[in-house]
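Colleague:
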Amino acid sequence: MCGTSAINSLVLPKEKMKDMDKIRTGLAAFGMSGQVFHAPFISTNPHFELTAVTERSKELSRAKYPQSRIVRSFDELIGMEELELVVVNTPDSSHYEYARRALEAGKHVIVEKPFTTTVEEGEELVALAAEKELTLSVYQNRRWDCDFLTVKEILAQGLLGRLVEFESTFPRYRNFIKPNTWKETGENGGGLTYNLGAHVIDQAVQLFGMPEAVFADIATLRTGGKVDDYFIIHLMKPARMPEVKITLKASYLMCENEPRFVLHGTEGSYVKYGLDPQEADLTKGVLPDTPHWGEEDESQWGILHTETDGNVVRKPYPTLPGNYAAFYENIYQHIRNGEVLQSDACGVLGVIRLIEAAWESSRTGNVIKL
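180 is the number that the working numbering gives to position 177 of the sequence shown; each next residue is one higher, with no gaps.
#1: Would the segment 252-260 and the segment 134-151 be scored as touching if the rule is three or more Cβ pairs under 8 Å?
#2: Of all the alpha helix (DSSP H) runs that stay within the bounds of the segment 174-260, which reach a length of 4 or more residues?
#3: How many whole angstroms separate the CB atoms of Thr-121 and Asp-95, which I take to be in contact at a CB cut-off of 8 Å?
#4: Within this structure, are the beta carbons of Ile-157 and Thr-196 separated by less than 7 Å?
#5: With respect to the beta strand (DSSP E) encompassing Glu-310, which residues constitute its N-terminal and C-terminal limits?
#6: Suppose you measure from the CA of Ile-10 to the CA of Gly-341; what does that come to, to the nearest Å?
#7: Would you kindly check if the distance between the Cβ of Val-208 and the Cβ of Gly-325 is under 7 Å?
#8: Roughly how many angstroms lie between the CA atoms of Phe-151 and Gln-206, to the nearest whole one?
#9: Using the Cα positions of Val-91 and His-267, report the straight-line distance between them to the nearest angstrom.
#10: Mark Cys-258 as exposed unless 16 or more other C-beta atoms lie within 10 angstroms of its C-beta, in which case mark it buried.
#11: With distances taken from CA atoms, which of Glu-85, Tyr-273, Gln-281, Leu-373 is nearest Thr-54?
#12: Could you check the C-alpha separation between Arg-177 and Met-83 for me, to the nearest Å?
#13: Quick check: what's the CA-CA separation for His-41 versus Arg-317?
#14: Within the same chain, show all residues whose beta-carbon is closer than 6 Å to that of Ala-108, passing over the 5 residues directly before and after it, in chain order.
#15: Per DSSP, what kind of secondary structure is Pro-43 in: helix, strand or coil?
#16: Looking at Ala-348: is its Cβ nearer than 7 Å to the Cβ of Val-89?
#17: Per the DSSP calculation, Val-315 is bridged to which residue(s)?
#18: In whole angstroms, give me the CA-to-CA distance for Ser-302 and Thr-172.
#19: What's the call for Phe-75, buried or exposed, on a 16-neighbour Cβ count within 10 Å?
#20: Between which two residues does the alpha helix (DSSP H) carrying Ser-140 extend?
#21: Got a sec? Which residues, its chain only, sit under 8 Å from Met-239 by beta carbon, not counting five neighbours each side?
#22: Cα separation between Arg-146 and Asn-198?
#23: Which same chain residues, not among the five before or five after Tyr-335, have their C-beta less than 8 Å away from its C-beta?
#24: Terminal residues of the continuous beta strand (DSSP E) containing Ala-31?
#25: When DSSP builds the beta bridges, which residues end up paired with Glu-168?
#26: Please return the same chain residues whose Cβ sits closer than 6 Å to the Cβ of Ala-242, not counting the five positions on each side in sequence.
#27: State the Cα-Cα distance for the pair Thr-7 and Met-23, rounded to the nearest angstrom.
#28: Just grab the DSSP bridge partners of Arg-65 for me.
#29: On the DSSP letters alone, give me the boundaries of the beta strand (DSSP E) that Ala-55 sits inside.
#30: From Ile-180 to Glu-190, what distance separates their C-alpha atoms?
#31: Any idea which residues DSSP pairs Asp-347 with across the strands?
#32: State the start and end residues of the unbroken beta strand (DSSP E) segment that holds Glu-84.
#33: Within its chain, find whatever has a CB closer than 6 Å to the CB of Ile-235; leave out the 5 residues flanking it on each side and keep chain order.
#34: Which same chain residues end up closer than 6 Å to Asp-148 when comparing Cβ atoms and leaving out the 5 residues on each side of it in sequence?
#35: My assumption, with CB atoms under 8 Å, is that Tyr-331 sits in contact with Phe-44. Please give the rounded CB distance.
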């Protein structure tokens with residue numbers, strides 16, 4: 004109360020007030036994740052300030068973000084008193100340790116997916132954040148993919164009748180082993196199931212709720228591969244639609260793409276090829292405040308094919324714009340205005356539980372009941 008009164012007694016310029024309201028944010032790393040998925044959204048959102056970037060030896064961030072301080076270690080980052088928010092976008096195996104240390108330092112935390120490598124680690128972090136009354140979120144940005152938002156709209160409008168089958172496939176083609184990266188050695192995590200699996204599983208849980216059981220096949224198909232590069236996961240009897248048959252799939256050996264989404268219902272189907280354009284645009288250096296951000300070319304729209312009372316309709320269905328920026332805007336609204344946190348770490352624990360169950364199923368060949 005004293006602090007509030009003191010601030011209210013000052014007559015501050017509007018710009019100064021705006022600066023004080025900004026969430027001062029630090030990145031734990033400036034690799035692909037930092038450069039493509041975080042810095043562009045932090046820097047273009049007026050509610051945030053990219054205050055610090057961790058680069059152990061390089062200064063890659065200097066060119067685009069000269070106003071940001073470069074720090075040389077995670078300890079130095081979390082030791083900055085002015086930081087409110089730390090983004091843990093380091094290798095998978097370090098997520099638990101770095102998130103814990105940032106929370107202990109009194110920072111709000113965003114953790115790149117996968118949240119943690121075990122449910123036990125995730126539960127500990129959720130409890131710590133609650134104890135310290137801090138925000139703990141997981142960067143499940145593909146909840147804001149254009150195709151996923153469109154699938155949600157189609158289901159909400161009941162355009163397919165009663166849904167009976169849902170297939171989600173994330174096709175990639177990399178028929179070589181990328182050298183000198185932790186994602187290929189398995190030493191610090193990596194592997195397709197924790198990587199893309201964390202996204203497609205999260206999307207399915209968002210739509211249908213947690214399943215009663217899991218059956219999975221996880222494999223390494225590339226010559227010389229050291230991490231899993233293929234999975235097919237069946238989620239059985241999801242809480243909100245127990246009758247829906249759910250298949251999730253990804254592979255690094257899909258030279259010819261399979262559909263990204265296939266939905267079949269009692270009154271029709273929806274089939275969608277192609278990937279959300281946001282990642283490709285970000286990789287090219289296009290910023291998220293660019294006009295028409297997240298919009299997909301009409302040639303990529305999915306096909307809605309319905310048949311009701313003898314009336315057949317088969318036509319492209321407009322894809323909604325994707326919007327990863329909504330993730331960071333929600334972080335701001337939650338921290339400053341108390342809005343519901345849309346990607347709360349507590350709600351993402353189920354994804355890690357399902358990944359663990361999928362691995363157990365693949366190892367044993369059994370259906371794993373949750």
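Just so you know, even glycine gets a beta-carbon here, dropped at the ideal spot from N, CA and C.
Modeller: This is what the structure holds:
#1: no
#2: If we require 4 residues or more, the alpha helix (DSSP H) runs fully inside the segment 174-260 come out as 185-188, 195-211.
#3: Walking along the sequence shown from the start, residue 121 turns up at place 118. Walking along the sequence shown from the start, residue 95 turns up at place 92. Contact check for Thr-121 and Asp-95: beta-carbon distance about 11 Å, past the 8 Å limit, so the pair fails to qualify.
#4: Locating residue 157 in the sequence shown gives position 154, where the first residue counts as 1. Locating residue 196 in the sequence shown gives position 193, where the first residue counts as 1. Taking 7 Å as the Cβ cut-off, Ile-157 and Thr-196 do not qualify as a contacting pair.
#5: Residue 310 sits at position 307 when you count from the first residue of the sequence shown. 305-311 is the extent of the beta strand (DSSP E) around Glu-310.
#6: The residue labelled residue 10 in the question sits at position 7 within the sequence shown. The residue labelled residue 341 in the question sits at position 338 within the sequence shown. Bear in mind that a pLDDT of 30 at Ile-10, under 50, signals an unreliable position, so the number given afterwards is only what the model happens to contain. C-alpha separation (whole angstroms): 20 Å.
#7: Along the sequence shown, read from residue 1 onward, the residue named residue 325 stands at position 322. Along the sequence shown, read from residue 1 onward, the residue named residue 208 stands at position 205. Their beta carbons are not under 7 Å apart, which means Gly-325 does not touch Val-208 by this criterion.
#8: Within the sequence shown, numbered from 1, the residue matching residue 151 stands at position 148. Within the sequence shown, numbered from 1, the residue matching residue 206 stands at position 203. Each residue's alpha carbon lies about 8 Å from the other.
#9: By one-based count along the sequence shown, residue 91 stands at place 88. By one-based count along the sequence shown, residue 267 stands at place 264. If you take the alpha carbons of Val-91 and His-267, they lie about 38 Å apart.
#10: Here residue 258 corresponds to residue number 255 of the sequence shown, with the count starting at 1. Cys-258 should be labelled exposed.
#11: Stepping through the sequence shown from its first residue, residue 54 is reached at position 51. Per the Cα distances, Glu-85.
#12: Locating residue 177 in the sequence shown gives position 174, where the first residue counts as 1. Locating residue 83 in the sequence shown gives position 80, where the first residue counts as 1. Going from the Cα of Arg-177 to the Cα of Met-83 covers about 40 Å.
#13: Mapped onto the sequence shown, residue 41 falls at position 38. Mapped onto the sequence shown, residue 317 falls at position 314. Their backbone Cα atoms lie some 39 Å apart in a straight line.
#14: In the sequence shown, residue 108 corresponds to position 105, counting from 1. Contacts found: Ile-81.
#15: Taking the sequence shown and counting its residues from 1, one reaches residue 43 at position 40. Three-state result, Pro-43: helix.
#16: For the purposes of this step, residue 348 is identified with residue 345 of the sequence shown, where counting begins at 1. For the purposes of this step, residue 89 is identified with residue 86 of the sequence shown, where counting begins at 1. For Ala-348 and Val-89, no; Cβs fall outside 7 Å.
#17: Within the sequence shown, numbered from 1, the residue matching residue 315 stands at position 312. Paired residue(s): Glu-310.
#18: For the purposes of this step, residue 302 is taken as the residue at position 299 of the sequence shown. For the purposes of this step, residue 172 is taken as the residue at position 169 of the sequence shown. Near 20 Å, if we compare the C-alpha coordinates of Thr-172 and Ser-302.
#19: The sequence position of residue 75 within the sequence shown is 72, counting from 1. A small correction: the amino acid at residue 75 is Arg; Phe does not occupy that position in the sequence shown. It counts as exposed.
#20: Within the sequence shown, residue 140 is the residue found at index 137, counting from 1. No alpha helix (DSSP H) contains Ser-140, which is instead part of the beta strand (DSSP E) from 139-142.
#21: As a first step, residue 239 must be located in the sequence shown, where it is residue number 236. Closer than 8 Å at the Cβ level, and outside the excluded window around Met-239, lie Pro-214, Glu-215, Ala-216, Val-217, Phe-218, Ile-249, Val-370.
#22: The residue given as residue 146 occupies position 143 in the sequence shown. The residue given as residue 198 occupies position 195 in the sequence shown. Rounded to whole angstroms, Arg-146 to Asn-198 spans 15 Å at the Cα level.
#23: Reading the sequence shown from its first residue, position 332 is the one you call residue 335. Once the five neighbours on either side are set aside, the close Cβ partners of Tyr-335 are Ile-26, Asn-48, His-50, Phe-51.
#24: Start at 1 with the first residue of the sequence shown, and residue 31 comes out as number 28. That residue, Ala-31, is in no beta strand (DSSP E); it is neither H nor E in DSSP.
#25: Along the sequence shown, read from residue 1 onward, the residue named residue 168 stands at position 165. In the DSSP output, where bridge partners are listed per residue, Glu-168 has Lys-248, His-267.
#26: Within the sequence shown, residue 242 is the residue found at index 239, counting from 1. Excluding sequence neighbours, Ala-242 sits near Gly-212, Met-213.
#27: As a working mapping, residue 7 is identified with position 4 in the sequence shown. As a working mapping, residue 23 is identified with position 20 in the sequence shown. The pLDDT assigned to Thr-7 is 28, lower than 50, so where the model puts this residue is not dependable, and the model offers no usable value.
#28: Position 62 of the sequence shown, counted from the start, is the residue given in the question as residue 65. None, per the DSSP bridge assignment.
#29: Here residue 55 refers to the residue found at position 52 of the sequence shown. Taken as a continuous stretch (DSSP letters only), the beta strand (DSSP E) holding Ala-55 covers 51-57.
#30: Counted from its first residue, the sequence shown places residue 180 at position 177. Counted from its first residue, the sequence shown places residue 190 at position 187. Taking the straight line from one Cα to the other gives about 15 Å.
#31: Mapped onto the sequence shown, residue 347 falls at position 344. The bridge partners DSSP lists for Asp-347 are Ser-140.
#32: As a working note, residue 84 is residue 81 in the sequence shown. From DSSP, Glu-84 is part of no beta strand (DSSP E); its letter is neither H nor E.
#33: Looking up residue 235 in the sequence shown gives position 232. For Ile-235, where only same-chain residues beyond five positions count, the Cβ hits under 6 Å are Asp-220, Lys-252.
#34: As a position in the sequence shown, residue 148 is number 145, starting the count at 1. Apart from the 5 residues on each side of it in sequence, Asp-148 sits with its Cβ closer than 6 Å to the Cβ of Asp-279, Gly-325 in its chain, given in chain order.
#35: As a first step, residue 331 must be located in the sequence shown, where it is residue number 328. As a first step, residue 44 must be located in the sequence shown, where it is residue number 41. So it is a contact: roughly 5 Å between Cβ atoms.
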